[in-house]
Structures are given as C-alpha cells and as structure tokens.
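Chemist: Take a look at the following structure, please.
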Amino acid sequence: MGRWGVRAATTLRQSKILFCSSFLLFTLRPLLSTASDTLFLNESLSINQTLVSAGQKFELGFFSTVNQKKWYVGIWYKELPTRTIVWVANKDAPVWSSSATLKLGDQANIVILDQGSSIRWSSNQSQATNPVIRLLNTGNLVVCEMFDESPERYIWQSFDHPTDTLLPGQKLGWNLKTGLDRFLTSWRGMDDPSSGNFSFKLDPHGGPETFMWRGDSIITFGSGPWVGLNFIGVPDMKQSSVLNFTLVDNEDEVYYMFQVLNDSVKSRLMVDPGGVLKRYTWVPDTNVWHLFWYGPSDQCDDYNECGSFGFCNVSALSVCQCLRGFEPKNQQAWALRDGSDGCERMTKLECQSDGFLLFESMKVPRSSDAFVNRSMSIEDCESLCRKDCNCTAYASSDVDDDGFWSGCVIWSGDLIDMRSYVQGGQDLYVRLAASDLVEASSSKNGSKNTKKMVISGGIAFGLGVLLFIAGCIIWKRKTLQAKHKRELETKVSRPGAIDRIRDVLLNGATISSKRVEANAKEIELPLFDLDTIAMATDNFSSENELGQGGFGCVYKAMLVEGEEMAVKRLSKNSGQGSEEFKNEMKREVHYSIGKVGLTSYVGSYKDRFTFIEIQDLE
Numbered sequence: 009m010g011r012w013g014v015r016a017a018t019t020l021r022q023s024k025i026l027f028c029s030s031f032l033l034f035t036l037r038p039l040l041s042t043a044s045d046t047l048f049l050n051e052s053l054s055i056n057q058t059l060v061s062a063g064q065k066f067e068l069g070f071f072s073t074v075n076q077k078k079w080y081v082g083i084w085y086k087e088l089p090t091r092t093i094v095w096v097a098n099k100d101a102p103v104w105s106s107s108a109t110l111k112l113g114d115q116a117n118i119v120i121l122d123q124g125s126s127i128r129w130s131s132n133q134s135q136a137t138n139p140v141i142r143l144l145n146t147g148n149l150v151v152c153e154m155f156d157e158s159p160e161r162y163i164w165q166s167f168d169h170p171t172d173t174l175l176p177g178q179k180l181g182w183n184l185k186t187g188l189d190r191f192l193t194s195w196r197g198m199d200d201p202s203s204g205n206f207s208f209k210l211d212p213h214g215g216p217e218t219f220m221w222r223g224d225s226i227i228t229f230g231s232g233p234w235v236g237l238n239f240i241g242v243p244d245m246k247q248s249s250v251l252n253f254t255l256v257d258n259e260d261e262v263y264y265m266f267q268v269l270n271d272s273v274k275s276r277l278m279v280d281p282g283g284v285l286k287r288y289t290w291v292p293d294t295n296v297w298h299l300f301w302y303g304p305s306d307q308c309d310d311y312n313e314c315g316s317f318g319f320c321n322v323s324a325l326s327v328c329q330c331l332r333g334f335e336p337k338n339q340q341a342w343a344l345r346d347g348s349d350g351c352e353r354m355t356k357l358e359c360q361s362d363g364f365l366l367f368e369s370m371k372v373p374r375s376s377d378a379f380v381n382r383s384m385s386i387e388d389c390e391s392l393c394r395k396d397c398n399c400t401a402y403a404s405s406d407v408d409d410d411g412f413w414s415g416c417v418i419w420s421g422d423l424i425d426m427r428s429y430v431q432g433g434q435d436l437y438v439r440l441a442a443s444d445l446v447e448a449s450s451s452k453n454g455s456k457n458t459k460k461m462v463i464s465g466g467i468a469f470g471l472g473v474l475l476f477i478a479g480c481i482i483w484k485r486k487t488l489q490a491k492h493k494r495e496l497e498t499k500v501s502r503p504g505a506i507d508r509i510r511d512v513l514l515n516g517a518t519i520s521s522k523r524v525e526a527n528a529k530e531i532e533l534p535l536f537d538l539d540t541i542a543m544a545t546d547n548f549s550s551e552n553e554l555g556q557g558g559f560g561c562v563y564k565a566m567l568v569e570g571e572e573m574a575v576k577r578l579s580k581n582s583g584q585g586s587e588e589f590k591n592e593m594k595r596e597v598h599y600s601i602g603k604v605g606l607t608s609y610v611g612s613y614k615d616r617f618t619f620i621e622i623q624d625l626e
C-alpha cells in the first residue's frame with residue numbers, strides 16, 4: 009500500500025473512532041446527567057431548559073423582563089437564591105415568542121431562533137470538525153471541539169464579549185494581534201439589559217488605565233495609571249488573601265484581570281445603569297450581595313474635576329487647588345468653586361534654569377500620551393526630563409510589595425485628572441521656573457515652620473492644662489486639710505479638753521466611747537476617735553514617724569493647741585490580741601504617769617493605738 013493509501017486508511021479509521029465516540033456520547037448522555045453543561049450539534053435549548061456548569065456554579069437559559077414580553081438568553085449564578093445575571097447574549101435583540109430556541113449552527117456558531125426559525129442573534133461563524141457549546145465553571149460560555157477544551161483552541165467564548173459584568177479570570181482590555189477590545193457596557197435600566205449609555209474600557213497606551221465613558225466622547229471617571237499593584241486612583245484596590253489584581257502589558261495583549269483566591273468567595277465587577285463602577289462580594293450568612301467598593305465615590309473621583317495643572321483635594325473647603333507655581337485661569341469661576349478651567353503658570357519656563365517641585369500622595373496625571381520606561385531609576389528619569397524642555401513632570405511607574413518604587417513616567421504638555429490623598433497616591437515631580445521654585449520652597453518651609461509653631465503651641469497648651477489640673481488638686485487638698493483642721497478644732501478644742509485629760513489621769517477618771525465602751529472601762533483611759541488621730545499625725549505620714557518596734561510604728565502627733573504627743577499604732581499583723589493590748593495599755597499608763605505624764609488610747613476593730621503626751625522625746 010502506497011503512502012497516500014496509508015493516509016487514507018488512517019483518516020478513515022479516525023473518522024470511525026470519532027463517529028463511534030459521538031454515537032456513544034449521544035446514546036449515554038440522557039443516562040449520565042439530567043442537567044448537562046454541553047449542547048451538541050443538532051440539539052436545541054428551549055425556553056424551559058437550561059445548561060448547568062459541571063460544578064453547579066453557573067446556569068444558562070432564557071429569562072424575561074418584568075413584563076415577560078421580551079426574552080433573553082443569559083448566564084446567572086446557579087446556587088444563589090436570587091437570580092443575578094452576569095452575561096446576556098441577545099441584549100439588543102430580544103425574542104418575542106416563548107417558542108424561541110438556542111442551538112449550535114452549521115458554521116460552529118451559537119444562534120437564537122425566534123418563532124418561525126428566524127435568527128435573532130448569532131455569534132461569529134467559524135469552521136470546526138465536531139463543535140459543541142459548553143458552559144464552564146467560570147461562567148464562560150464557549151464553543152469548542154468536543155474533545156479539545158484547551159482555552160487557546162476555543163472557537164468562540166462569551167468572556168471575549170462581556171456585557172455589564174466582569175467575572176474572576178475574565179479579561180478587560182485588548183488583544184493587540186486581533187484588535188479585539190473587551191469592555192463592559194451598562195444596561196439601559198435595572199430591568200432592561202439592552203445597551204446603556206455607559207461603558208468601562210481599558211486604555212492600553214502609556215501607563216494603562218481604565219475610564220468610564222458616557223457615550224463615545226465624555227469620560228466621567230478615570231482610575232489613574234496602573235502602578236504595579238493597582239490603579240493609582242483606586243487606593244482601596246489592594247492585594248489581599250482573597251482578591252488578586254493583575255495587569256498584563258506585552259506586545260500581544262494589554263488587559264486587566266482579577267482572581268478570587270478562595271473558591272468559596274464570589275466577587276464581580278459591574279457597571280450599573282447610572283455609570284457607577286461597583287464591586288460586589290456575596291455574603292453567605294445574609295444571602296445578599298455586599299457593596300465592596302464603588303467609583304466614582306466622591307467629587308474628586310469625577311474625571312479632571314479641577315482642569316489642567318489643578319488638583320482636587322476632598323478635605324479642603326474648596327476642593328480645587330492649583331499646583332504651586334500656578335494660578336487659576338478663570339478667577340471668577342474659581343471663586344465660585346468651578347475649577348474646570350484649570351490653572352496656568354505664573355512664570356514662563358526657561359528650560360535650563362528650571363527645577364522640579366515634589367508633590368506627595370498624588371493621583372498622578374492621565375498618562376495615555378506619557379513616556380513610560382519600567383526599567384529606569386528615578387534619578388535617570390529626572391535627568392531625562394530635565395534635558396527635555398517639553399517635559400512638565402515625572403514620576404516612578406511601579407511599586408512592589410515592599411513599597412519600593414521604580415521605573416519612569418514622563419509627561420509633556422498639560423497635566424490633567426489629578427487629586428491628592430491623605431493616604432495613598434505617589435510622589436509627583438512638577439517642573440517650575442526657578443523663581444517660582446524658590447518661592448514655592450519658601451512657602452513650603454513657612455508651612456513647616458507654621459506646623460512646628462502649631463505643634464509647639466499645642467504642647468504648651470497641654471502643659472498649661474496639666475499645671476492647672478495640678479493646681480486644682482493642690483487647692484482641693486489644702487481645702488480638705490483646712491476642713492479637717494476645723495473639724496479637729498470642733499472635736500478636740502472644746503474648753504478644758506486638755507485639762508480634762510490631765511485631770512483624768514491624775515484623778516483616775518474615765519472618758520468613754522460607745523464603740524469601745526467596754527474596753528475603755530477596763531483600761532480607764534481617755535479616748536480619741538480615728539479622725540482626730542489621723543489629722544494630728546498628718547494621716548500617719550512617714551515624716552511624722554518616730555520609730556518602729558515589734559508591735560508597730562510610733563508617730564509624732566500635733567494637737568490643735570500645739571501640744572505634741574506620740575502615737576503608737578499597733579500593727580494588725582503583730583499577732584497581739586485584745587488581752588495583750590489591754591495589758592500593754594496598763595503598762596503604758598503606769599510608765600507614762602511615772603515618766604512622761606499623760607497617756608490615752610483609741611481602739612477599733614482593725615486598728616489599735618496608744619496616745620502618749622511627749623514631754624521629753626529624749
């Protein structure tokens with residue numbers, strides 16, 4: 009058999025195998041699954057039928073609007089209690105009959121047929137040997153060969169033709185080889201999936217960035233350039249353990265994509281009918297979509313809010329401000345807080361003598377026309393900008409996970425769509441004339457000095473407050489001491505109080521207290537209350553301590569009349585009981601009468617004292 013005969017036999021054998029495989033698949037399919045993810049050639053999907061992805065994550069079928077007059081083919085989440093549409097095939101070509109069907113056409117294309125088998129919508133035509141329609145677990149609807157599911161061999165895929173929603177793994181941007189531009193388009197209304205007025209697109213030029221367009225000519229929101237980890241104008245876009253953001257920029261493609269790192273998490277990015285970009289995440293506990301982020305989120309997110317060489321500061325009273333070295337073009341409009349006309353230079357540039365002023369925490373200007381070199385250092389970037397008299401600003405192009413900036417972006421011409429941040433943003437170096445640079449530097453130094461003065465004033469004020477509080481405490485303490493002194497005078501300095509005490513000791517009389525009356529009768533000593541003793545010893549201060557023994561400490565006490573006495577405070581930890589205490593009091597009485605002349609005591613549940621008049625501390 010010749011070479012051509014062998015080839016013919018091989019081809020025939022392959023055809024037989026393919027035929028048998030197809031026959032077995034068609035025969036066994038009803039037995040294998042009741043909800044298939046695949047639609048084969050010559051099969052159709054009716055209004056009440058659906059395709060379900062292999063992992064039960066997404067479902068494709070017909071759905072209708074509120075009035076149930078228009079029918080669309082769409083994809084939605086299978087396992088959620090509320091239907092959330094993520095893709096619509098025939099958004100601008102609804103079918104009007106409930107007898108509509110979806111099938112695979114003869115040219116390997118998906119077609120939607122209305123009543124009478126008229127084609128209402130079709131995907132691109134192509135050539136394939138044995139094509140099938142398959143709904144993947146990613147939410148991507150593909151046309152592929154039956155036994156070849158490699159992504160690079162897809163004949164057609166819905167991910168290349170998004171509607172209003174971007175799913176994880178779906179590309180937003182350009183295939184530079186084919187000219188395919190993947191972008192989002194809003195619905196016209198909440199219940200009307202036809203194309204709306206807003207579209208969200210990636211600009212591949214310069215430092216790639218995304219824009220929200222109203223119609224074909226008006227930009228309403230710009231994300232700022234991609235800087236390695238995120239778009240600089242979206243500070244909330246941060247890499248995390250759940251979400252990962254990527255921008256691919258090479259000679260074949262420029263696209264943005266996000267991935268969900270946890271399979272249990274659902275996240276989607278969509279454009280609502282009002283032109284607001286929203287990221288949603290699904291919260292299983294509450295069975296609702298949580299608004300994770302949206303933009304524009306404030307006035308400064310509006311595209312080019314403050315015009316050329318102006319920047320937006322949402323924290324300022326007037327949000328629009330001119331860069332240092334610039335002044336408003338339209339003073340009257342600026343005074344009315346309309347900064348759309350922007351700013352102009354106060355002094356013309358002279359090239360060689362010009363310098364650069366640093367602006368920190370900035371959303372850098374739109375970079376569609378900027379020069380970008382991601383391998384240059386910031387020093388080389390400055391040198392290159394300085395040599396080019398048309399260069400108006402420069403900045404780094406990328407930041408890594410450690411916060412290290414590298415690369416170079418150089419702008420020529422007007423700087424637009426800028427804003428400042430309290431946190432986030434990056435350094436921007438703007439070219440100024442030498443005279444404006446000196447003035448701006450002086451103003452900046454003045455601002456620093458003012459800040460230092462404010463800080464110093466704040467510290468001084470704080471110290472003043474502390475001193476005032478300390479003075480109040482001292483005054484209060486002295487007031488309380490005076491009050492206690494008056495109370496002491498009332499309690500102790502009654503007429504003849506000291507004389508009575510002397511008389512008691514000389515004549516053996518007794519002054520009793522109700523709280524310790526029984527003990528007092530046995531010891532037959534005059535009594536003082538605890539407040540009197542505390543006041544006389546300045547609350548048992550260490551300065552008044554005369555000594556310390558095995559049963560406690562001895563303090564010097566000063567009565568109101570100026571007479572000094574000694575107070576022995578028996579320690580509660582001394583182990584001395586009531587009898588020992590009484591005996592010691594008797595010994596103190598005998599000793600005091602014989603040696604120093606006067607003894608008294610006070611006793612309580614917790615504290616016991618011996619009160620001795622001092623005639624000779626020696």
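Under this note's numbering, residue 626 is the last one in the sequence shown; the count climbs by one each step, no gaps.
For every residue, glycine included, the Cβ atom is placed at its ideal position computed from N, Cα and C.
Relative to the C-alpha of Gly282, which residue among Glu387, Trp221 and Glu67 is closest?
Modeler: Taking the sequence shown and counting its residues from 1, the one referred to as residue 282 is at position 274. When each option's Cα is compared against that of Gly282, the closest is Trp221.
Chemist: In this structure, how does DSSP classify Phe167 when only helix, strand and coil are distinguished?
Modeler: Start at 1 with the first residue of the sequence shown, and residue 167 comes out as number 159. DSSP, read as helix, strand or coil, puts Phe167 in helix.
Chemist: Grouping DSSP H, G and I as helix and E and B as strand, with all else coil, what is Lys371?
Modeler: Stepping through the sequence shown from its first residue, residue 371 is reached at position 363. Strand.
Chemist: In the structure shown, what three-state DSSP assignment does Gln434 receive?
Modeler: For this step, residue 434 is matched to residue 426 along the sequence shown. It is a strand residue.
Chemist: Locate the alpha helix (DSSP H) running through Leu392, then write down its first and last residues.
Modeler: Along the sequence shown, read from residue 1 onward, the residue named residue 392 stands at position 384. Start and end: Ile386 to Lys395.
Chemist: Alpha carbon to alpha carbon, how far is Asp271 from Asp211?
Modeler: For this step, residue 271 is matched to residue 263 along the sequence shown. For this step, residue 211 is matched to residue 203 along the sequence shown. If I take the Cα positions, the gap works out to 30 angstroms.
Chemist: What is the DSSP secondary structure of Tyr609, reduced to helix, strand or coil?
Modeler: The residue given as residue 609 occupies position 601 in the sequence shown. Note that Tyr609 has pLDDT 43, beneath the 50 cutoff, so the model's placement of it is unreliable and the number below is only indicative. Strand, per DSSP.
Chemist: In chain order, what residues of the same chain have a beta carbon less than 7 angstroms from the beta carbon of Asp309, not counting five sequence neighbours either side?
Modeler: Residue mapping note: residue 309 aligns to position 301 of the sequence shown, counting from 1. Excluding sequence neighbours, Asp309 sits near Phe229 and Gly303.
Chemist: Along the chain, where does the beta strand (DSSP E) containing Ala441 start, and where does it finish?
Modeler: Position 433 of the sequence shown holds residue 441. Looking at the DSSP string, Ala441 is not in any beta strand (DSSP E), and its letter there is neither H nor E.
Chemist: Where does the unbroken beta strand (DSSP E) through Gln247 begin, and where does it stop?
Modeler: Looking up residue 247 in the sequence shown gives position 239. Gln247 -> no beta strand (DSSP E), and no H or E assigned at all.
Chemist: Compare the beta carbon distance of Val262 and Leu325 with 8 angstroms and say whether it is the shorter of the two.
Modeler: The residue you call residue 262 lines up with position 254 of the sequence shown. The residue you call residue 325 lines up with position 317 of the sequence shown. In this structure, Leu325 does not lie closer than 8 angstroms to Val262 by Cβ.
Chemist: Could you name the residues of the same chain whose beta carbon sits closer than 6 angstroms to that of Val150, not counting the 5 residues immediately before and after it, in chain order?
Modeler: Translated into positions along the sequence shown, residue 150 becomes position 142. Cβ within range, chain order: Arg142, Tyr162 and Gln165.
Chemist: Can you tell which of Trp290, Ser305, Val291 and Met278 has the C-alpha that lies nearest to the C-alpha of Asp629?
Modeler: Because the chain in this structure spans residues 9 to 626, residue 629 falls outside the shown range and cannot be described.
Chemist: Tell me the residue span of the alpha helix (DSSP H) that contains Gln340.
Modeler: Residue 340 sits at position 332 when you count from the first residue of the sequence shown. According to the DSSP assignment, Gln340 belongs to the alpha helix (DSSP H) that extends over Gln339 to Ala343.
Chemist: Can you check whether the C-beta of Ile481 is within less than 8 angstroms of a C-beta belonging to chain C?
Modeler: The structure shown has no chain C; it contains just one protein chain.
Chemist: How many Å lie between Asp362 and Glu447 at the Cα?
Modeler: The residue you call residue 362 lines up with position 354 of the sequence shown. The residue you call residue 447 lines up with position 439 of the sequence shown. Separation of Asp362 and Glu447 (C-alpha to C-alpha, rounded to the nearest whole angstrom) is 13 angstroms.
Chemist: Inspect the CB distances between the region 426-438 and the region 387-404 and report whether three or more fall short of 8 angstroms.
Modeler: Yes, since at least three Cβ pairs between the region 426-438 and the region 387-404 fall closer than 8 angstroms, the two stretches touch.
Chemist: Using a threshold of 8 angstroms, state whether the C-beta atoms of Leu407 and Gly236 are closer than that.
Modeler: Within the sequence shown, numbered from 1, the residue matching residue 407 stands at position 399. Within the sequence shown, numbered from 1, the residue matching residue 236 stands at position 228. First, the residue type needs correcting, since residue 407 is Val and not Leu in the sequence shown. Yes, these two residues count as a Cβ contact at 8 angstroms.
Chemist: Name the two residues that bound the continuous beta strand (DSSP E) containing Ala403.
Modeler: Numbered from its first residue, the sequence shown carries residue 403 at position 395. Under the DSSP assignment, Ala403 falls in the beta strand (DSSP E) whose first and last residues are Cys399 to Ala403.
Chemist: If contacts are defined as beta-carbon pairs under 8 angstroms, then Ser77 and Trp104 qualify, I think. What distance do you get, rounded to the angstrom?
Modeler: On the sequence shown, residue 77 is found 69 positions in, with the first residue counted as 1. On the sequence shown, residue 104 is found 96 positions in, with the first residue counted as 1. The amino acid at residue 77 is misidentified as Ser; the sequence shows Lys. Indeed they touch by this definition, with Cβ atoms about 7 angstroms apart.
Chemist: Helix or strand or just coil, what does DSSP make of Glu51?
Modeler: Position 43 of the sequence shown, counting from 1, holds the residue named residue 51. Here Glu51 sits in coil by DSSP.
Chemist: Please report how far the alpha carbon of Gln133 lies from the alpha carbon of Gly113, in whole angstroms.
Modeler: For the purposes of this step, residue 133 is identified with residue 125 of the sequence shown, where counting begins at 1. For the purposes of this step, residue 113 is identified with residue 105 of the sequence shown, where counting begins at 1. Cα to Cα, Gln133 sits roughly 9 angstroms from Gly113.
Chemist: Is Gln556 helix, strand or coil by DSSP?
Modeler: The residue labelled residue 556 in the question sits at position 548 within the sequence shown. Three-state result, Gln556: strand.
Chemist: Alpha carbon to alpha carbon, how far is Lys111 from Ile118? Give it in angstroms, no decimals.
Modeler: Position 110 of the sequence shown, counted from the start, is the residue given in the question as residue 118. Position 103 of the sequence shown, counted from the start, is the residue given in the question as residue 111. Distance between the alpha carbons of Ile118 and Lys111 is about 6 angstroms.
Chemist: Please state whether the Cβ-Cβ distance between Asp425 and Asn312 is less than 8 angstroms.
Modeler: As a first step, residue 425 must be located in the sequence shown, where it is residue number 417. As a first step, residue 312 must be located in the sequence shown, where it is residue number 304. Closer than 8 angstroms, so yes.
Chemist: Going by DSSP in three states, Gly470 sits in which element: helix, strand or coil?
Modeler: Stepping through the sequence shown from its first residue, residue 470 is reached at position 462. The three-state reading of DSSP puts Gly470 in helix, counting H, G and I together.
Chemist: Could you work out which residue in Phe367, Ala441 and Asp409 is closest to Arg394 when comparing CA atoms only?
Modeler: Locating residue 394 in the sequence shown gives position 386, where the first residue counts as 1. Closest by alpha carbon: Ala441.
Chemist: Please report the straight-line C-alpha distance between Glu259 and Asp377, rounded to a whole angstrom.
Modeler: One-based indexing of the sequence shown puts residue 259 at position 251. One-based indexing of the sequence shown puts residue 377 at position 369. Rounded to whole angstroms, Glu259 to Asp377 spans 18 angstroms at the Cα level.
Chemist: Starting from the Cα of Asn56, find the closest Cα among Tyr264, Ala108 and Glu335 and give me that residue.
Modeler: Working through the sequence shown from its first residue, we reach residue 56 at position 48. Out of Tyr264, Ala108 and Glu335, the CA that lies nearest to the CA of Asn56 is found in Ala108.
Chemist: Taking just the CA atoms, how far does Val81 sit from Ser383?
Modeler: Against the sequence shown, residue 383 aligns to sequence position 375. Against the sequence shown, residue 81 aligns to sequence position 73. Spanning the two alpha carbons is a distance of roughly 47 angstroms.
Chemist: Quick one: does the C-beta of Asn321 sit closer than 7 angstroms to a heavy atom of the ligand NAD?
Modeler: As for the ligand NAD, it is missing from this structure, which has no ligand bound.
Chemist: From the DSSP output, read off the bridge partner residues of Pro139.
Modeler: Against the sequence shown, residue 139 aligns to sequence position 131. Its beta-bridge partners are Glu153.
Chemist: Using a Cβ-Cβ cut-off of 8 angstroms (strictly less than) and excluding sequence neighbours within five positions of Asp396, which residues of its own chain qualify?
Modeler: As a working mapping, residue 396 is identified with position 388 in the sequence shown. Excluding positions up to five away in sequence, the list reads Ile418 and Ser420.
Chemist: Which residues in the same chain as Gly215 place their Cβ atom closer than 7 angstroms to its Cβ, once the five residues preceding and following it in sequence are excluded?
Modeler: By one-based count along the sequence shown, residue 215 stands at place 207. For Gly215, where only same-chain residues beyond five positions count, the Cβ hits under 7 angstroms are Pro233, Trp234, Ser375, Ala378, Val380, Ser405 and Val417.
Chemist: Who are the near neighbours of Arg91 in its chain, counting only those whose CB is closer than 8 angstroms to its CB and skipping five residues on each side?
Modeler: What you label residue 91 is simply residue 83 of the sequence shown in a count that begins at 1. The residues are Phe71, Trp84 and Tyr85.
Chemist: In three-state terms, what does DSSP make of Ser550?
Modeler: Locating residue 550 in the sequence shown gives position 542, where the first residue counts as 1. Helix at Ser550.
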